[in-house]
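Under the UniProt record's numbering, think of the first position of the sequence shown as 1, with each following residue one higher.
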Amino acid sequence: MKVTPLNGPAFDRRSVLGALGVTALLGGQSTAALARTMVQNRPTFSGLTRIINDYVEQKKVAGMLAAIGYRNEAPTVISAGTLTLGGEKPVGLNDTLWRMYSQTKPVTGMATMMLIEDGDIDLDQPVSEILPAFKDMQVLVDPEGPVENTVAAKGSVTIRQLQTHTAGLGYTIVSKGPIQKAYLKAGLTPGRVSRNPIPGVDPGSPTPDLATFIERLGELPLVYQPGSKWSYSLSHDVLSAVIEKVSGKPLDQFLQERMFGPLGMNDTFYKVPADRAGDLADNYAPFAGSLIPIDPGATSIYLDAPAFAFGSTGLVGTAADYDKFLQMLLGFGRFGDEQVMKPETARLGMSNLLPETADLSGTWVAKQGFGAGGRAGLGTEASPAGTFGWGGAAGTSAFVDTKNGFRAGGYTQYIPSNSYPFQSDFPKYVYADLLGAAAVEGKTSP
């Protein structure tokens, strides 16, 4: 286990407490004392260290790593375990490759914001102006009813709605009933899990290319009226088509030229090079107290090229690389000497972009905001101001806190992500350690 300490600026007490969902953790400690502590202390993240150790020692996961950094400083790294259960190669910041799955969405979301900055598209522009397949859409009368029972859409699907999962599109991992079966039959199944069949999982036969994907998606009805409800969807795959159509470059090329290259993200891939197979962590499915390997790194499906570069999933990379992306967000578009987007563009992408008409009740983001592919803080206890981030299907989690000036990423590999609470509780672990260090300092300082 390696833990490298770090320094940090004064934290905003209200937003941090909101992230924890508690109000008495500091026992009445003053804001001034908290600020002094956060400037002077070097948190060791003892609580998070214990949690990561426990996961590995109890063989809940093969390996786990967290990277937490302030501003543009190098991150603290907390790690335990190996790439494969019982293996010898330890997980590391700079070499271990992790399947990011839906942590691809904020990357695609920010790439879309670049096109808005360029003046090539508008946030509230109908996507049918770019992709005619989405003109004159139909909508299911019942989200779980027959796909033939539809009404005309009351409005157009927009870029804003695609960014925020309010376009009314479905997703095979969340949709139910006939529309889910229709998506599977049409091959609208972005994302890859394993070369081998998994009991209870129907992967369908994916479309051969992005153009076919968009054509088939446009032929099916929406699940909800555009802008009416938040519903997790494959909207960022549609944005990958928007990026390709507008820029003239496939998503992976656009990302390499506009983001990965400037940020030095040289270890992020859609197709893992054969000579890096030994760095790819195994992916597991927890079952009956054991870990079932579903995608060993040495023979992973990610060693093959995907049908196309998915905008919603598919990136594989190191924690160090994703930390660079987070650091860019924390710098409002700047990383070192590189300004990959204007500060106002980054701020807009990390802000609440939800349409006022969207119903969030009963969803994963109830009482929260949503920006360009990730949760966005609203300044409430449930949604702290300045926070932005998202997680992935294999248990990963990453976010920035622009108000307090830090970034954090948690990495492991197990599916489904709700098998353990690590992903959902990762921000709480981080904030608890930061505030715990402050509380101790507050009791010993004059």
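Note that beta-carbon positions come from the ideal geometry of N, C-alpha and C, so glycine has one too.
* **Minimum length 3: unbroken beta strand (DSSP E) runs contained in the segment 85-114** => none
* Asked: Touch check for the segment 283-290 and the segment 261-270: three-plus C-beta pairs under 8 Å?
  -> As far as the Cβ criterion goes, the segment 283-290 does not touch the segment 261-270, which means the pair count is below three.
* Out of 379, 239, 162, state which residue places its alpha-carbon closest to the alpha-carbon of residue 402. => 379
* Asked: Based on the DSSP secondary-structure assignment, which residues constitute the bridge partners of residue 375?
  -> 370, 389
* Nearest-angstrom Cα separation, counted from residue 66 out to residue 79 -> Rounded to whole angstroms, residue 79 to residue 66 spans 6 Å at the Cα level.
* Asked: Which of helix, strand or coil does DSSP assign to residue 239?
  -> Residue state, collapsed to three classes: helix.
* Report back the beta-carbon spacing between residue 103 and residue 392 to the nearest angstrom; my notes put them in contact at under 8 Å. => 4 Å
* State the Cα-Cα distance for the pair residue 389 and residue 106, rounded to the nearest angstrom. => It is roughly 7 Å from the alpha-carbon of residue 389 to the alpha-carbon of residue 106.
* Asked: Under a Cβ-count criterion, where at least 16 other Cβ atoms within 10 Å of its own Cβ denotes burial, should residue 375 be classed as buried or exposed?
  -> buried
* Asked: Mind checking residue 50: buried by the 16 CB within 10 Å criterion, or exposed?
  -> exposed
* Asked: Under three-state DSSP, which class holds residue 229?
  -> strand
* Asked: Which residues mark the beginning and the end of the alpha helix (DSSP H) in which residue 343 is found?
  -> 343-349
* To do: Enumerate, from N- to C-terminal direction, the unbroken alpha helix (DSSP H) stretches of 4 or more residues contained entirely within the segment 285-369.
  => 319-330, 343-349
* To do: Identify the continuous alpha helix (DSSP H) that holds residue 183 and give its terminal residues.
  => 178-186
* **Cα-Cα separation between residue 214 and residue 130, rounded to whole angstroms** => Cα-Cα distance, rounded: 12 Å.
* Asked: Should residue 127 be labelled buried (16 or more other beta-carbon atoms within 10 Å of its own) or exposed?
  -> buried
* Cα-Cα separation, residue 177 to residue 307 -> 26 Å
* Asked: So what does residue 397 bridge to, in DSSP terms?
  -> 391, 410
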